[in-house]
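Asks: Mind having a look at this structure? Questions to follow.
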Amino acid sequence: MENILISPGKFRLDGGAMFGIIPKPLWNKVHPADDYNRIDLDLRLWIIKDQDRIIITDTGIGDYHGEKFDQQFDVRQEHSPLVKALADKGIDCADVTDLVISHLHFDHVGGMVCKDENGEFAPVFPNATIHLHKDHWEYALNPTIRDSGSFHTQYFKDTIEKFDKAGRVHWLTGKEGEILKLSDDSLRFKCSYGHTPHLIHPYTNEYIYLADLIPTSNHVHVPWVMGYDIAPGQTTMDKIEFLKMIVEKDLRVIFEHDPKYASAKITQNERGKYIPVELE
Numbered sequence: 001m002e003n004i005l006i007s008p009g010k011f012r013l014d015g016g017a018m019f020g021i022i023p024k025p026l027w028n029k030v031h032p033a034d035d036y037n038r039i040d041l042d043l044r045l046w047i048i049k050d051q052d053r054i055i056i057t058d059t060g061i062g063d064y065h066g067e068k069f070d071q072q073f074d075v076r077q078e079h080s081p082l083v084k085a086l087a088d089k090g091i092d093c094a095d096v097t098d099l100v101i102s103h104l105h106f107d108h109v110g111g112m113v114c115k116d117e118n119g120e121f122a123p124v125f126p127n128a129t130i131h132l133h134k135d136h137w138e139y140a141l142n143p144t145i146r147d148s149g150s151f152h153t154q155y156f157k158d159t160i161e162k163f164d165k166a167g168r169v170h171w172l173t174g175k176e177g178e179i180l181k182l183s184d185d186s187l188r189f190k191c192s193y194g195h196t197p198h199l200i201h202p203y204t205n206e207y208i209y210l211a212d213l214i215p216t217s218n219h220v221h222v223p224w225v226m227g228y229d230i231a232p233g234q235t236t237m238d239k240i241e242f243l244k245m246i247v248e249k250d251l252r253v254i255f256e257h258d259p260k261y262a263s264a265k266i267t268q269n270e271r272g273k274y275i276p277v278e279l280e
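The sequence shown maps to residues 1 to 280 in my numbering.
This is the structure in structure tokens:
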């Protein structure tokens with residue numbers, strides 16, 4: 001079994017929103033903002049190659065949003081960024097067997113579709129099975145006004161419904177469970193609820209994908225919670241639960257949005273504070 005991390009591009013979001021109630025003089029020291037108060041963020045994806053399976057978690061932001069969108073979020077990537085990032089690792093999109101979606105915010109699911117030669121939206125992974133939490137799907141179709149802008153249903157809804165009709169959506173349920181079996185392991189999931197309801201975090205015996213629960217290494221500290229979260233207080237409780245599990249299982253965490261560090265181990269110092277170590 002091989003674990004691969006790829007980065008199809010980068011973008012920027014408001015630093016204040018990314019660090020919530022943490023004062024800028026604190027977060028700006030470790031994650032400096034540009035002139036528009038935006039911080040640099042990665043779009044890191046996790047790939048597992050296992051015998052006859054190629055599994056990818058999340059898809060990046062997509063390249064079809066237009067110049068205004070790309071300028072607003074300072075999107076920096078090539079045309080067909082996911083196709084090219086996978087090709088650099090010797091992977092053809094047609095060979096991807098499984099797509100795991102942590103949640104349906106635009107910067108996580110945008111790359112699952114692309115525009116074909118006729119300007120129509122088409123799936124980037126035409127032969128994959130989609131693994132998606134059923135309750136999160138239902139929430140994404142009826143979010144609150146506060147977070148409705150994060151769900152670009154006009155891009156992903158039709159594709160997921162078509163895959164579902166073809167019997168190629170594995171609907172996950174419950175707080176935790178198994179996504180699929182691997183040759184010498186299994187890919188499991190555990191949900192968090194503070195960023196968005198039923199956000200899934202896939203993990204094996206070695207790695208866990210933290211998505212937007214702990215998007216960067218600077219968010220390991222429990223009080224450093226995003227202002228984007230629908231329930232920031234819940235996020236702090238989710239983080240404690242996950243960090244305890246990560247330490248107990250000795251997992252290496254994958255940071256989806258950290259522009260500097262892709263992964264780390266987590267430990268506790270003498271005061272019980274969780275800190276990232278072995279940063280890579």
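All C-beta atoms in this analysis are idealised placements derived from N, C-alpha and C, irrespective of residue type, glycine included.
(1) Looking only at DSSP bridge pairs, what is proline 81 linked to?
(2) Please confirm whether lysine 265 and glutamate 278 have their CB atoms less than 8 Å apart.
(3) Check whether the region 155 to 167 and the region 198 to 210 touch, using three or more Cβ-Cβ pairs below 8 Å as the test.
(4) Check the C-beta distance from valine 100 over to glycine 62 and give it rounded, since I have them as a contact under 8 Å.
(5) My assumption, with CB atoms under 8 Å, is that lysine 42 sits in contact with serine 7. Please give the rounded CB distance.
(6) Would you check if there are 3 or more beta carbon pairs closer than 8 Å linking the region 5 to 20 to the region 61 to 77?
(7) Could you have a look at glutamine 268 and say whether DSSP puts it in helix, strand or coil?
(8) Let's test the definition: count the other Cβ atoms within 10 Å of the Cβ of glycine 149 and tell me whether it reaches 16, buried, or not, exposed.
(9) Thinking just about the alpha-carbon of each residue, which of Ile47, Asp147, Arg38, Cys93 is nearest to the one in methionine 1?
(10) Which residue's Cα is closest to the Cα of aspartate 35: Thr236, Gly16, Ile21?
(11) Give me the DSSP bridge partner(s) of cysteine 191.
(12) Out of Asp95, Thr235, Leu251, which has the shortest C-alpha to C-alpha gap to glycine 20?
(13) Go ahead and pull the three-state DSSP assignment for asparagine 3.
(14) Under three-state DSSP, which class holds tyrosine 207?
(15) Beta-carbon separation of glycine 110 and histidine 152 under 8 Å?
(16) Between which two residues does the beta strand (DSSP E) carrying valine 100 extend?
(17) Three Cβ pairs or more, each shorter than 8 Å: is that satisfied between the region 178 to 190 and the region 216 to 235?
(18) Kindly list the residues whose CB is nearer than 6 Å to the CB of histidine 257, restricted to its own chain and excluding five residues on each side of it in sequence; keep chain order.
(19) Looking at C-alpha atoms only, which residue of Met226, Asp158, Ala94 is the closest neighbour of histidine 195?
(20) In this structure, what does DSSP give as the bridge partners for glycine 16?
(21) Over what stretch of residues does the beta strand (DSSP E) that includes lysine 89 continue unbroken?
(22) Mind checking arginine 146: buried by the 16 CB within 10 Å criterion, or exposed?
Replies: For this structure:
(1) As DSSP reads the structure, proline 81 sits in no beta bridge.
(2) Annotated as proximal: lysine 265 and glutamate 278, with beta-carbon spacing under 8 Å.
(3) Output reads no: the region 198 to 210 does not touch the region 155 to 167.
(4) Rounded to whole angstroms, the Cβ separation of valine 100 and glycine 62 is 17 Å, and the two are not in contact under 8 Å.
(5) In the sequence as displayed, the identity of residue 42 is aspartate instead of lysine. Approximately 5 Å separates the beta-carbon atoms of aspartate 42 and serine 7; this is inside 8 Å, confirming the contact.
(6) Judged by Cβ distances under 8 Å, the region 5 to 20 makes contact with the region 61 to 77, as three or more pairs qualify.
(7) Glutamine 268 carries a strand assignment under DSSP once its states are collapsed to helix, strand and coil.
(8) Classification of glycine 149: exposed, given that the 10 Å Cβ count is below 16.
(9) The option with the nearest alpha carbon to methionine 1 is Ile47.
(10) Of the candidates Thr236, Gly16, Ile21, the one whose C-alpha sits nearest the C-alpha of aspartate 35 is Gly16.
(11) For cysteine 191, the pairing in a beta bridge is given by DSSP as Ile200.
(12) Comparing Cα positions, the closest option is Thr235.
(13) Judged by DSSP in its simplified three-state form, asparagine 3 adopts strand.
(14) If DSSP states are grouped into helix, strand and coil, tyrosine 207 belongs with the strands.
(15) The beta carbons of glycine 110 and histidine 152 sit closer together than 8 Å.
(16) Counting along the chain, the beta strand (DSSP E) containing valine 100 begins and ends at 98 to 100.
(17) Cβ pair count under 8 Å is below three, so no.
(18) Closer than 6 Å at the Cβ level, and outside the excluded window around histidine 257, lie Leu41, Asp42, Pro215, Thr216.
(19) Distance from the Cα of histidine 195 is smallest, within the candidate group Met226, Asp158, Ala94, for Met226.
(20) In DSSP, glycine 16 forms no bridge with anything.
(21) Looking at the DSSP string, lysine 89 is not in any beta strand (DSSP E), and its letter there is neither H nor E.
(22) Per the 10 Å Cβ criterion, exposed.
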